[in-house]
Structure formats: structure tokens, C-alpha cells
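Q:
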Amino acid sequence: MTTAVTELPVTETTTAAPVALTFDELLTRVHAIGRDVLAVHANDVDRLARFPSESIEAMKQALLLSAYVPQEYGGMGLNIVEISRICEAFGNYCGSSAMIYAMHCIQVACVVHHAQHSSYFRRYLKQLVQEQRLMASATTEIGTGGDLRSSICAIEVNGDCFTVTKKAPVISYGEYSDDLLLTCRSGPNAPASEQVHVMVRRGEYLAEPLSTWDTMGFRGTCSSGFTVTAQGSTDQILPTPFNDILSLTMHPYSHIVWGALWTGIAADAVNQARAFVRNEARKTPGETPISAVRLAEVDLVLQEMRHNVYGLAREYNELLKGGCPGQIHGFGFSIRTNNLKLSCSQRIVEIVGQALLICGISGYRNDSKFSLSRQLRDAYGAALMVNNDRITKLNATMLLAHREGN
Amino acid sequence: MTEAALESTVDTTAVREVLAQHGRLTVDINTLDVDFDLYGAGLTSLATVGIMLALEDRFEIEFPESMLSRSTFRSVASIAEAVAKLAG
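First to last, the sequence lines map onto chains P and Z.
Its first residue numbered 1, the first sequence is counted upward by one per residue in the working numbering.
Its first residue numbered 407, the second sequence is counted upward by one per residue in the working numbering.
Pasting the structure below:
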């Protein structure tokens, strides 16, 4: 990829025209941020279960929070394949930071795909670019059993204003975000499945803590629960029903970018295993250590995982470019999206587990440079965020109807 | 489309029966007009799977993948039209 996708901000000392960055150059910069910032704080973020503020600040400095915003609003105008590569790169250095970045991009995509015909959201996109605002999501609700397609809480509209109160069991980085996209019923009399997607802005909502976030992995995402009480202008309701936003954007986009960052975490573990094997090989010149065979095996699984992610990312990108909402809505694409999530969330555990076997006790130790503790604990979260059992059951139902090729 | 116009092709009563049994709607299907948007009455895409299977069984038809869309299951009228097309 050699097309110019972004511009460096002009610094005070520069009078020359802004330098255009190619995507590869941007990716090099992303890796530099990963090495110099994310990796430096990753263990501290993990140990203290604290928000990776340094990471997010560095992403803002590089204007990465508007990477998916079209260029006409000042964003980089990257596509889902490129966003996935950034998520994967960040996954190499800090799973929590990568997850926060991925989740933010999902919210941005909901606005970019479904709200550009609203003047409020066009203005919002410009503001997002200028201020590098961090977006979070409140989709799940206490009482719906994790079903994103139904809400208990309802928006109440009075003239041009709305109010809504939602009990959300999980809002990732909710305390640190600038804006929140929240789902609720479209009115007090609407059925549970008739939902709208509403943006609530910092300063316009109160978040009362319901639960804490002391988990095995992804500790830095700070995904505590909150009761959100919000108000705002009816302009802040996305002008597309949530059901469409979910199936056209949130569902495929989430599973692709999650798969990408999980691939990044898995690749990080494989890289550590590779470094360990190289050390071993140096000790016994001329002899291939047994761990090198294990490395070859795990590398193959990593390649399959990565190809799976980018295969679906490219397919989704083509469907978006071709304006084929019908196909994205269809059972076939939904099933493939779910399969990607199921597969990646299993592969990440397998790969990090294999890398641990290669590194042996050095990987098992918390105080070793080959430690895989954080990666392994993060890996186990993948199957749980949107539980794999729920997804398998959905696929089982859809497969009853789906027929290949006709 | 009126109920009478549809009656000549497909029995909308049968479609309503299938919807009552498998639609998991939040309102009584018999209170809804043939053109009422069923997604506004709580229909979900997963519930359409049960509806499709029941229709296939009842009318001895088979839905091709291309007809498994939101628009096919949007209303009693659209379902009856689809069934008529497949049975015809």
C-alpha cells in the first residue's frame, strides 16, 4: 500500500508543506508508539488494572483516534483492513491498549457508516478529529442476559431533548471516555428489540459505579459497570435503527478488529518463543532444538489465524465499497463473522499456550523477560467477551436456514 | 396490498398462524394489518429462521438463500407473496 493516507501535523518550526505518510510509514510509526509507549507501561497497566493513559495519549498525538474518519472531515480515511493492521500492531505490545483502540474504532465506524447524513454527526466527526475524542460503548444491560438485540431501558423524548437511564454491567474505559454510544428502546412503549443508538457526551451524563473490574486479563480496559443517567438533544440519536447498525457494522467490525488485536497478542507470544528458541539454538550450534519444531508448528496456526482475520476484513471492505448491505445482513456473512470470532478466540489460547510450552519455566515466571503471563490471561478473555456458547448457538440456528451457493 | 387481493393466492390465515407460533412477537399477530412492519412488533432475524422452517413444512416449499432477507419477512403480505412465488 503506497497511497498517501494521512499528513503529519505542521509543527511550529516547519514551514514546508505537510508531509504525506504512506500506510506503511504510518504502520512503522504505530510500531514505534507500541515499542516506546505501550510496551513500556503494559506490565504496570496489567498489574494495577489501570487505564493505559500514556498509550491513549500517544495514539491521540498521532491522530490515530480519527484513523477511520473519512478525509473530508480531516481524518485519515483508512479502511477496515488498515485499521485491523493497526490493532494487530498494538496487540503486539499491550492487549488492553489495543482493545481500547479497537473498541473506539468500532464506535467511530458506527457513526461513519450510519450517521453521516445528519448534520449533527458531520459536525461531530470534525470535532472528533480536532479533539481526538475517545468513544466508548454501553450496549449490554443488566437483565437482558448479554443479548445486544434487546433493551430494557427506554429513551424518553420531550420536545428536542431526551433522557435515558441505563444499568450497564460493563462499560469498557467508561470513566475515561469523552463520548458514549448507548443502546435503548426507541420509546417507553417500544418492544425490547426496537432499539436506537444514542450518543451521550461527557458532561451530559452521570455514571454511578455498579461494579469493579478486577479480572484475569484485559485488566487495563477498566470495564466496570455503571448506571448511566443521560440527557441531551434528539440530534444525538443516530438516524439509523440500531438493528441495522448492529448487523451492518458493529457485529462484523467488532469481530474483525478483535480478531486482529488477538492475532497481535498471539504474534507477540510467538515472537517471545522465537527469541527463546534462538537463545537455545545458540547454546547448541549445528543442532536444531526440539523447541524449534514446536515453534514451526505454532507459527502455522498463527498464519491461519491471521489469514482468517484479513480474509473476512477484505470481504467486508469489498461489501462496504460495493454498497451491498443485503449481503452483510445475510445469514451467510453473519455466520462467517461468528466463525471468525469463534476460531480466533480459540486459536489465541492455543498459540499462547504453545508459546508457553516453548519458553518453559521462563515463560511461566512473572519476573522473566520471556514471561507470557499477561498474554495468556488476556487470551482467555477472548472466548468470553460475547460468549462463544451464545455465538455457537446463534450459528446453529442460522445454519438451519442458510444454504451455500443459492 | 389488501387482505382480499392476497387471499386469492395464499391463505394469510396460515401465515398468521405460523407467525403466532414462531414469530415471538410482542403483540398479537391477529391485531396487525397485513402490511404492518413485523420488525416493529418485535420480530428478530433469528425468529425468522423458525418462521421459515414452519412455512417450508406447511407449504412444502424451500426458500433459496436469496430470499432469506429482511424484506421477505417484513410483513404478513410480504411473507404471503414469497410463499405464493415459491409455491407457484
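Glycine residues also receive a C-beta, built at the ideal position from the N, C-alpha and C atoms.
From a predicted model like this one, the values you see are computed outputs, not experimental measurements.
If distances are taken between C-alpha atoms only, which option among Asn79(P), Val129(P), Glu54(P) comes closest to Ser97(P)?
A: Ranking Asn79(P), Val129(P), Glu54(P) by Cα distance to Ser97(P) puts Glu54(P) first.
Q: What's the call for Gln130(P), buried or exposed, on a 16-neighbour Cβ count within 10 Å?
A: So Gln130(P) counts as exposed.
Q: Whole angstroms are fine: how far does the CA of Glu25(P) sit from the CA of Thr15(P)?
A: The predicted model places Thr15(P) with a pLDDT of 38, which falls under 50 and marks its position as unreliable, so this point remains unresolved.
Q: List the residues of chain Z whose Cβ lies closer than 8 Å to the Cβ of Ala192(P), in chain order.
A: By Cβ distance, chain Z contributes Thr432, Gly448.
Q: Apart from the five residues just before and just after Asn388(P), which ones in its own chain have a Cβ nearer than 7 Å to its Cβ?
A: Correct list, in chain order: Leu342, Ser345.
Q: With the cut-off set at 7 Å, would you say His197(P) and Leu181(P) are in Cβ contact?
A: It is a contact, given that the beta carbons lie within the stated cut-off.
Q: Please confirm whether Leu38(P) has its beta-carbon closer than 7 Å to some beta-carbon of chain Z.
A: It does not; no Cβ of chain Z falls within 7 Å.
Q: Report, in whole angstroms, the separation of the C-beta atoms of Tyr205(P) and Ile106(P), which I expect to be a contact under 8 Å.
A: Contact flag wrong, Cβ pair sits at about 20 Å.
Q: Distance cutoff 7 Å, beta carbons only. Does Thr215(P) sit that close to anything in chain Z?
A: Judged by the 7 Å Cβ criterion, Thr215(P) is not in contact with chain Z.
Q: With a CB to CB cut of under 8 Å and the five nearest residues on each side skipped, what residues in its chain are close to Asp268(P)?
A: Correct list, in chain order: Gly91, Asn92, Tyr93, Gln375.
Q: Find the residues of chain P that neighbour Glu471(Z), judging by a C-beta separation of less than 9 Å, and give them in chain order.
A: Neighbours of Glu471(Z) on chain P, chain order: Gly330, Phe331, Gly332, Ala401, His402, Arg403, Glu404, Gly405, Asn406.
Q: What do you reckon, are the CB atoms on Val424(Z) and Ile457(Z) nearer than 7 Å?
A: Yes. Within cutoff.
Q: Could one say the Cβ of Asn79(P) lies closer than 7 Å to chain Z's Cβ atoms, at least one of them?
A: It does not: the Cβ of Asn79(P) has no partner Cβ on chain Z nearer than 7 Å.
Q: Alpha carbon to alpha carbon, how far is Asn415(P) from Phe479(Z)?
A: There is no way to answer for residue 415(P), as the model of chain P reaches only from 1 to 406.
Q: I'd like to know whether the C-beta of Thr397(P) is nearer than 7 Å to at least one C-beta of chain Z.
A: It does: the Cβ of Thr397(P) has a partner Cβ on chain Z nearer than 7 Å.
Q: Counting along the chain, where does the beta strand (DSSP E) carrying Gly74(P) start and finish?
A: No beta strand (DSSP E) holds Gly74(P); DSSP gives it neither H nor E.
Q: Hey, how far is the Cα of Asn436(Z) from the Cα of Gly446(Z)?
A: Distance between the alpha carbons of Asn436(Z) and Gly446(Z): 15 Å.
Q: Using 10 angstroms around the beta-carbon of Ile361(P), count the other beta-carbons present and answer buried if the total reaches 16, otherwise exposed.
A: Result: exposed.
Q: I'd like to confirm the pairing. Which residues does DSSP put opposite Cys110(P) in its beta bridges?
A: In the DSSP output, where bridge partners are listed per residue, Cys110(P) has none listed.
Q: Checking contacts by CB at 7 Å: is Val421(Z) closer than that to chain P?
A: Not closer than 7 Å to any Cβ of chain P, the Cβ of Val421(Z) fails to qualify, so no.
Q: Compile a chain-ordered list of the residues in the region 139-168 of chain P whose CB is closer than 7 Å to at least one CB of chain Z.
A: Hits within the stretch, in order: Arg149.
Q: Residues in the same chain with beta-carbon distance under 7 Å from Ala488(Z), minus the five sequence neighbours each way, listed in chain order, please.
A: If we look at Ala488(Z) and ignore the five residues flanking it on each side, its Cβ neighbours are Met473, Thr478.
Q: Under 7 Å Cβ-Cβ, which residues of chain Z neighbour Gly436(P)?
A: Outside the modelled stretch of chain P, which goes from 1 to 406, sits residue 436(P), for which no answer is possible.
Q: Would you say Val416(Z) lies against chain P (beta-carbon separation less than 7 Å)?
A: Not closer than 7 Å to any Cβ of chain P, the Cβ of Val416(Z) fails to qualify, so no.
Q: Does the Cβ-Cβ distance between Pro241(P) and Gly448(Z) come in under 7 Å?
A: Against a cut-off of 7 Å, the Cβ pair of Gly448(Z) and Pro241(P) comes out as no contact.
Q: I'd like to know if Val455(Z) contacts chain P, where contact means its C-beta is closer than 7 Å to some C-beta of that chain.
A: For Val455(Z), the answer is yes, since a Cβ of chain P falls inside 7 Å of its Cβ.
Q: Within 10 Å of its beta-carbon, does Gln354(P) have 16 or more other beta-carbons around it, so buried, or fewer, so exposed?
A: Buried, because 16 or more other Cβ atoms sit within 10 Å of the Cβ of Gln354(P).
Q: Tell me whether Ala382(P) sits in a helix, a strand or coil according to DSSP, three-state version.
A: Coil, per DSSP.
Q: Cα separation between Gln327(P) and Arg314(P)?
A: Cα to Cα, the separation comes out at about 14 Å.
Q: Which value, in whole angstroms, describes the spacing of the CA atoms of Ala102(P) and Leu459(Z)?
A: Roughly 38 Å between the two C-alpha positions.
Q: Tell me whether Phe226(P) sits in a helix, a strand or coil according to DSSP, three-state version.
A: In the structure shown, Phe226(P) sits in a strand (DSSP, three-state: E or B).
Q: Please classify Leu78(P): is it buried, with 16 or more other beta-carbons within 10 angstroms of its beta-carbon, or exposed?
A: With 16 or more other Cβ atoms within 10 Å, it is buried.
Q: Looking only at its chain, what residues have a beta carbon closer than 6 Å to the beta carbon of Asp46(P), apart from the 5 residues adjacent to it on each side?
A: Cβ neighbours of Asp46(P) beyond the five flanking positions: Arg219, Arg374.
Q: Please list, in chain order, all residues of the same chain as Lys126(P) whose beta carbon is under 7 Å from its beta carbon, the five residues on each side excluded.
A: Excluding residues within five positions, the ones whose Cβ falls inside 7 Å are Tyr73, Gly74.
Q: Once you ignore the five residues that flank Phe150(P) on each side, which residues in its own chain have a CB closer than 6 Å to its CB?
A: Reading the sequence as shown, one finds Ser at residue 150(P) and not Phe. Cβ neighbours of Ser150(P) beyond the five flanking positions: Thr144, Ala192, Ser193.
Q: Answer yes or no: does any C-beta atom of chain P fall closer than 7 Å to that of Leu452(Z)?
A: It does: the Cβ of Leu452(Z) has a partner Cβ on chain P nearer than 7 Å.
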